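With this note's numbering applied, the sequence shown has no gaps in its numbers, which climb one by one up to 618 at the end. Glycine residues also receive a C-beta, built at the ideal position from the N, C-alpha and C atoms. Computed from a predicted model, the values in this text were never measured in an experiment. Just below is one structure, and these are the notes that go with it.
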Amino acid sequence: MAAGVSAGVLARREAVAAAQVERATRGMPSPKIKDIQVIATAPEGLRLVVVKILTDQDGLYGYGCGTFTQRAELVVAAVERYLKPLLAGKPADRIEDAWHLCYNSSYWRNSGVLNNAISGVDMALWDIKGRQAGMPVYQLLGGKCREAADCYAHASGAEIPEVIDNAKRLMAQGFRHIRLQVGVPGMAGYGAGRSEARVAALHNAPVFEPAAYIRRTLQMLEAARKELGDEVELLHDVHERITPTQALQFCRDVEKFRLFFLEDPVSPEDIGYFRLIRQLSSVPIAMGELFNSPHEWTPLIAERLIDYIRVHVSQAGGLTPCRKMAALAEAFGVRTAWHGPGDVSPIGHACNVALDLACWNFGIQEYTPFRERTREVFDGCPEMKDGYLWANEKPGWGIEVNEAAAKKYPFGFNEKGERQRLNGGWGEVRRRDGTIIKQ
Ligand code: GCO
Ligand code: MG
């Protein structure tokens, strides 16, 4: 018993506290997870996986993104066959607890498929929490640090003048940050148009040679800086296609173009090289879309080896781990640049924007336009104005999925309705001599 406080006073205090708890929860019984469904849809040919959690409370449900387009069907199975039975009947309002339950239930963890499945559940629970509170998710994270998320858009082309024209078009739309990618003649470069012609090789697959790509990209960046002026921020994605030593030289060579960031100069397998790159070059580095595990991002952040952490939020397990990642990054002066390509569903983009608004150390957001079919399936996509992405102000993610429309675009077909090969998986790219390269 605390000194000077009688048993009677203590008992009264306990009774008051119990009454307060009862008042606070009255009328809001904890919702339970009643059903988990998966919406598998490909409105623009890219396979999107969305998890829907229904609760035992009438009309209370939520959506989460678990998009791993190259192995989408495995994410569907992971949700339906493992997470759904695990979570049935569990409280829908204990997000942190549910995350750890899912994460630990496979014993072996941090895989792309499993993390995406967990993310689908995690984001759906945040959506439910927002709908319960009557607030957008960014409010649950502490509210806005900024009005909207400054974005970069993609300008690409098979030829350098085409890239520059596309960049000018985007600048005229209000974008202040532009990612530039140019094709390499006769080769299968990342992120740019490919010509029909193909350089001579010892095989029939698409060809890529790192040295040719590097020369071409340096020419393109030089032309772009000259023609686009000094004010626009330029970005480029290497897509882990060159050797670590080439990357080191490339980082030094692009310094003069004053990039906003250079992305993925080396692959996750080679992150040890960032220590060297950091010592020898001042180019700002963005890294992380392929990361699945804290063992990948923690050292890069804690050693201050990168400038922008660029994780694909669902690939890392959803909003719950990524808001912690952002907080870790803030402590080390690293900013966020969440992955925002076409193979993230609008639910995932809405989650990116919630983090962008609520985290002080936001850096930039990658933007991919939501086209007509996507908007038909997902009502309430974040809105783009003058290069800024604005959150939907409705509760949760503020997005409703039109499930009948989603069914019109099943997996397996491209936008023209033609059958796709490889179930959404990627094929091969080889060097001239036949060596497989990362793509
Ligand atoms: C980017 C990415 C993407 C990925 C794609 C893989 O920076 O936007 O590199 O274009 O290649 O998401 O499916
Ligand atoms: Mg990338």
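Kindly give me the distance between the Cβ atoms of residue i and residue j, rounded to whole angstroms, as I take these residues to be in contact under 8 Å.
i: Val-258; j: Val-229; result: Val-258 to Val-229, Cβ: 10 Å. No contact.
i: Glu-594; j: Gly-224; result: 5 Å
i: Val-442; j: Ser-461; result: It is Glu, not Val, that sits at residue 442 in the sequence shown. That pair is no contact at about 16 Å.
i: Trp-305; j: Leu-498; result: 5 Å
i: Glu-406; j: Ile-357; result: Contact doesn't hold; Cβ gap of about 12 Å is too wide.
i: Ala-585; j: Thr-220; result: 4 Å
i: Glu-410; j: Phe-436; result: Incorrect: roughly 13 Å between the Cβ atoms, too far for contact.
i: Tyr-261; j: Ile-578; result: Contact doesn't hold; Cβ gap of about 26 Å is too wide.
Does the distance between the C-beta of residue i and the nearest non-hydrogen atom of the ligand MG fall short of 7 Å?
i: Asp-272; result: no
i: His-418; result: yes
i: Glu-482; result: no
i: Glu-468; result: yes
i: Glu-475; result: no
i: Asp-558; result: no
Please state the DSSP three-state secondary structure of residue i.
i: Val-523; result: coil
i: Ile-274; result: helix
i: Val-292; result: helix
i: Cys-324; result: coil
i: Asp-235; result: coil
i: Phe-354; result: coil
i: Lys-213; result: strand
i: Lys-587; result: coil
i: Met-466; result: strand
i: Arg-609; result: strand
i: Glu-448; result: helix
i: Ile-578; result: coil
i: Pro-315; result: strand
i: Gly-693; result: Look at the range of the chain in this structure, 180 to 618, and you will see that residue 693 is not part of it.
i: Ile-480; result: helix
i: Gly-187; result: helix
i: Met-180; result: Model confidence at Met-180 stands at a pLDDT of 45, short of 50, so the residue's coordinates are unreliable; what they give is reported in the following sentence. Of the three classes helix, strand and coil, the one that applies to Met-180 here is coil, per DSSP.
i: Arg-395; result: helix
i: Gln-618; result: coil
i: Thr-220; result: strand
i: Cys-330; result: strand
i: Tyr-282; result: helix
i: Met-366; result: coil
i: Thr-553; result: helix
i: Ser-298; result: helix
i: Thr-424; result: helix
Ordered along the chain, which non-local residues of its own chain (more than five positions away) have a Cβ less than 7 Å from that of residue i?
i: Ile-393; result: Ile-421, Gln-425 and Phe-429
i: Pro-561; result: His-528, Ala-529, Val-532, Leu-568, Trp-569, Ala-570 and Asn-571
i: Ala-267; result: Ile-212
i: Glu-419; result: Asp-443, Val-445, Ser-446 and Lys-617
i: Ser-472; result: Asn-289
i: Asp-432; result: Leu-397
i: Asp-449; result: Pro-423
i: Phe-549; result: Pro-525 and Cys-560
i: Val-490; result: Gly-467, Glu-468, Phe-470, Trp-476, Cys-501, Met-504, Trp-517 and His-518
i: Thr-547; result: Gly-519, Pro-520 and Gly-521
Does the ligand GCO have a heavy atom nearer than 7 Å to the CB of residue i?
i: Pro-525; result: no
i: Asp-522; result: yes
i: Glu-442; result: yes
i: Glu-545; result: yes
i: His-518; result: yes
i: Gly-370; result: yes
i: Thr-553; result: no
i: Met-248; result: One detail in the question is off: residue 248 reads as Thr in this sequence, not Met. At least one heavy atom of the ligand GCO is nearer than 7 Å to the Cβ of Thr-248, so yes.
Could you name the residues of the same chain whose beta carbon sits closer than 6 Å to that of residue i, not counting the 5 residues immediately before and after it, in chain order?
i: Arg-310; result: Pro-574 and Gly-575
i: Met-180; result: Unreliable placement is indicated for Met-180, whose pLDDT of 45 sits below 50; no coordinate value is reported for it.
i: Cys-501; result: Val-492 and Ala-495
i: Ala-328; result: Val-532, Asp-535, Gln-544 and Leu-568
i: Val-523; result: Thr-246
i: Arg-226; result: Thr-248, Ala-251, Phe-590 and Gly-603
Spatial neighbours of residue i within its chain, please: C-beta separation below 8 Å, excluding the five flanking residues on both sides.
i: Ala-508; result: Ile-480, Ile-488, Arg-514, Thr-515 and Asn-540
i: His-382; result: Arg-609 and Gly-613
i: Ile-485; result: Phe-453, Ile-464, Ala-465, Met-466, Gly-467, Leu-479 and Val-513
i: Ser-374; result: Ala-337, Gly-362, Pro-364 and Gly-365
i: Ala-194; result: none
i: Glu-582; result: Ile-218
Can you check whether the C-beta of residue i is within less than 8 Å of a C-beta belonging to chain C?
i: Ala-510; result: Here there is only one protein chain, and chain C is not present.
Contact the stretch 301-318 vs the stretch 337-353: 3+ CB pairs below 8 Å
no
Below 8 Å, can you find three or more Cβ-Cβ pairs linking the stretch 275-293 to the stretch 519-535?
no
With a cut-off of 8 Å, do at least 3 Cβ pairs link the stretch 354-373 to the stretch 326-335?
yes
Do the stretch 302-309 and the stretch 284-293 make contact, defined as three or more Cβ pairs closer than 8 Å?
no
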